[in-house]
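Okay, structure first, notes after.
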Amino acid sequence: MKKIRCFVNLALSAVIVALGFGSCVSQQKYREAQEEIQQLKAENDALKEDNAGLKREMQKIMDYKKRIEERKVVYGPRPTSFQEKINK
Numbered sequence: 241m242k243k244i245r246c247f248v249n250l251a252l253s254a255v256i257v258a259l260g261f262g263s264c265v266s267q268q269k270y271r272e273a274q275e276e277i278q279q280l281k282a283e284n285d286a287l288k289e290d291n292a293g294l295k296r297e298m299q300k301i302m303d304y305k306k307r308i309e310e311r312k313v314v315y316g317p318r319p320t321s322f323q324e325k326i327n328k
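Residue 241 is where the sequence shown starts when you use the numbering used here, and the numbers rise one by one after that.
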């Protein structure tokens, strides 16, 4: 009877240790996943900033293009060759 009780206690101890080890591994994986999430969020924020900067630059280019088009309407197209400059 004592041997059975000892065996049961040993088996329960082994199960408890295994569960504790599994929990420890799970917590480590959880921490690693959280770190990776934080890193990805930081990269995402940096990309959003870059995207906003590119949008501002694109808007500047579009505004400049619009001003050039408005000048063409007011002053007419520029001569493209020397002969056209002489004719005008």
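Just so you know, even glycine gets a beta-carbon here, dropped at the ideal spot from N, CA and C. Bear in mind the structure is a predicted one, so any value in this text is a computation, not a measurement.
As assigned by DSSP and simplified to three states, the class of residue i
i: residue 266; result: helix
i: residue 253; result: helix
Beta carbon proximity, residue i to chain B, threshold 9 angstroms
i: residue 255; result: The chain inventory of the structure shown lacks chain B, comprising one protein chain alone.
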